[in-house]
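Everything below concerns the one structure shown next.
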Amino acid sequence: MTKTEIQTLIDNHPLVSDMIALKEVAWFNPGVTTLEQGLPYVGLTAQDIAAAQARLKRFAPYLCLAFPETQKTGGIIESELVEIPHMRNTLVQRFGQPVNGRLWLKKDSHLPISGSIKARGGIYEVLTHAEKLATEAGLLTPDEDYSKLFSPEFRQFFSGYSIAVGSTGNLGLSIGIMSARIGFRVTVHMSADAREWKKRKLRENGVEVVEYEQDYGVAVEQGRKAAESDPNCFFIDDENSRTLFLGYAVAGGRLKAQFAQQGITVDADHPLFVYLPCGVGGGPGGVAFGLKMAFGDHVHCIFAEPTHSPCMLLGVYTGLHDGISVQDIGIDNLTAADGLAVGRASGFVGRAMERLLDGFYTLSDQTMYDLLGLLNRDEGIRLEPSALAGMPGPARVCTDADYLAARGISDRQMQNATHVVWATGGGMVPEEEMTKYLAQADI
Ligand SMILES: *Cc1c(COP(=O)(O)O)cnc(C)c1O
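Numbers 17 to 459, taken from this note's numbering, label the letters of the sequence shown in order.
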């Protein structure tokens, strides 16, 4: 964009000025609607989520064999929900603001197979594709025991097909490991910010890794191109895939069941706030959709992004969606939160979900590092920087009287609030990398 175009954008959307200055900002969405009004724009339904859930159930016996670490949950890939009361006190001290209600951490960081939220969408899409190929070839029917897929014959069958994906790291890890295990040939196109250990782990698992000097957008484009020339190659499109989105959405019903076990109520007098780190948008968008379908208008979803990569905020706030990138307004998209290093948001997710998202905020890399150190110190939980993006959320929400009034949430209701910080990754970070992360925390 030219200087004049950027100035016009700022004139119409004043917050862009603070974004360009890399300030930590918050924007609560004035365009939010009820679920009933917003749902038609998503274009997906409760039945679609139920079908995804059923597919994952069919694959559970296979996953038990292919990844024995999933046996204790019966082949269902799901994370723990833990309360973090010490961290809650620390947040109050750090931000000098009250946090009303209880604070929980959803540990997708410790999901089996790939140690991040991508173990939801990425694995689901690979399995969906495998099921389609095997069914069309007459080798599989939905009522069969899918453990038969764990066999040399099926590996041989799948080796006739390939999968390609572009990634900043964690999606590549999920799709690479899953694809290689089931027998596909798989190529992961990695952006410059992807960590060395993730590339190493993929190569150890028999995945072809192609590295780029540029960011995520370029890696995705190159992956898409490479796949186009091969009719047996399936490209997993992180920017537009409904399948990935549905894999994430299954989390909503699962969280509802975990709440029931913990005796946590969600209703008009007990609001739920969920804070989701956002990169391209598929992960948090899909989870938010699932949460809305599970809890209706009583759940309030808030996206968190690095000050250097606020692509979804920029797209939704200006209404330009994937028609604008952070680079267009002079922001560099360089952040230690590699899972969130995305300059241009998914147009699909932004358009589908903008009416169902309560708000967006940004935070600096240093804030993420500090919170990473504090969570380790106070709760003994270790995450990667991206996964801390949701942590300032409760303080931001609890102190924004205008936002709470606009949503019709009273002080009394806030006392009963449940806050869930979605911890999106970090469970597989090698010790020496984690030591480096912890050294960055200024606490
Ligand atoms: C990918 C990722 C996200 C965000 O997911 P998107 O689908 O890119 O928005 C958040 N945290 C971590 C650790 C991730 O790897």
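Yeah, the Cβ is synthetic: ideal placement off N, Cα and C, and Gly gets one too.
Note that this is a predicted model, so its numbers are computed, not measured.
(message) Quick check on DSSP: helix, strand or coil for VAL32?
(response) Counted from its first residue, the sequence shown places residue 32 at position 16. Note: VAL32 maps to helix in three-state DSSP.
(request) Hey, could you find the ends of the alpha helix (DSSP H) GLY138 is sitting in? (result) For the purposes of this step, residue 138 is taken as residue 122 along the sequence shown, with counting starting at 1. Residues 134-152.
(request) Just the C-alpha distance for TRP213 and PRO408, rounded to the nearest angstrom, thanks. (result) Residue 213 sits at position 197 when you count from the first residue of the sequence shown. Residue 408 sits at position 392 when you count from the first residue of the sequence shown. Roughly 28 Å between the two C-alpha positions.
(message) Taking its Cβ as the centre, do 16 or more other Cβ atoms sit within 10 Å of ASN186, making it buried, or is it exposed?
(response) Mapped onto the sequence shown, residue 186 falls at position 170. Answer is buried; the Cβ neighbour count reaches 16.
(request) Put VAL115 into one of helix, strand or coil per three-state DSSP. (result) Numbered from 1 along the sequence shown, position 99 holds the residue referred to as residue 115. In the structure shown, VAL115 sits in coil (DSSP, three-state: anything other than H, G, I, E or B).
(request) Would you kindly work out how many angstroms separate the C-alpha atoms of PHE250 and ARG104, rounded to a whole number? (result) The count along the sequence shown starts at 1 and reaches residue 250 at position 234. The count along the sequence shown starts at 1 and reaches residue 104 at position 88. For PHE250 and ARG104, the distance between alpha carbons rounds to 44 Å.
(request) Verify whether the separation of the beta carbon atoms of ILE318 and ASP374 is less than 8 Å. (result) Within the sequence shown, numbered from 1, the residue matching residue 318 stands at position 302. Within the sequence shown, numbered from 1, the residue matching residue 374 stands at position 358. It is a contact, given that the beta carbons lie within the stated cut-off.
(message) For ligand 1, I want to know if THR451 counts as a neighbour, meaning its beta carbon is within less than 7 Å of at least one of the ligand's heavy atoms.
(response) Indexing the sequence shown from 1 puts residue 451 at position 435. No, the beta carbon of THR451 sits no closer than 7 Å to any heavy atom of ligand 1.
(request) Return yes when the Cβ of LEU119 is within less than 8 Å of the Cβ of GLU99, no when it is not. (result) Position 83 of the sequence shown holds residue 99. Position 103 of the sequence shown holds residue 119. Cβ atoms of GLU99 and LEU119: closer than 8 Å.
(message) Between the segment 258-276 and the segment 303-311, can you find at least three pairs of beta-carbon atoms closer than 8 Å?
(response) yes
(message) Three or more C-beta pairs under 8 Å: does that hold for the segment 259-266 against the segment 327-339?
(response) no
(message) Could you compute how far the alpha carbon of PHE174 sits from the alpha carbon of THR383?
(response) For the purposes of this step, residue 174 is identified with residue 158 of the sequence shown, where counting begins at 1. For the purposes of this step, residue 383 is identified with residue 367 of the sequence shown, where counting begins at 1. Computed Cα separation, rounded: 44 Å.
(message) Tell me whether LEU187, by its Cβ, gets closer than 7 Å to a heavy atom of ligand 1.
(response) Position 171 of the sequence shown, counted from the first residue, corresponds to residue 187. Flag set: Cβ of LEU187 near ligand 1.
(request) Compute the minimum distance between the beta carbon of GLY138 and the heavy atoms of ligand 1, and state whether it is under 7 Å. (result) Taking the sequence shown and counting its residues from 1, one reaches residue 138 at position 122. No, since every heavy atom of ligand 1 falls outside the 7 Å radius drawn around the Cβ of GLY138.
(message) Let's see if you can read the secondary structure: which residues bound the alpha helix (DSSP H) around ALA267?
(response) Here residue 267 refers to the residue found at position 251 when the sequence shown is read from its first residue. Where ALA267 is concerned, the enclosing alpha helix (DSSP H) stretches over 267-278.
(message) Helix, strand or coil for VAL48? Go by DSSP, reduced to three states.
(response) Within the sequence shown, the letter at position 32 stands for residue 48. Here VAL48 sits in coil by DSSP.
(message) For GLU462 and PRO168, what's the separation of their Cα atoms in angstroms?
(response) The first residue shown for the chain is 17 and the last is 459, placing residue 462 beyond what the model contains.
(request) Just mark GLU321 as buried or exposed, buried being the case when its beta carbon has 16 or more other beta carbons within 10 Å. (result) Residue mapping note: residue 321 aligns to position 305 of the sequence shown, counting from 1. With 16 or more Cβ atoms within 10 Å of its Cβ, GLU321 is classed as buried.
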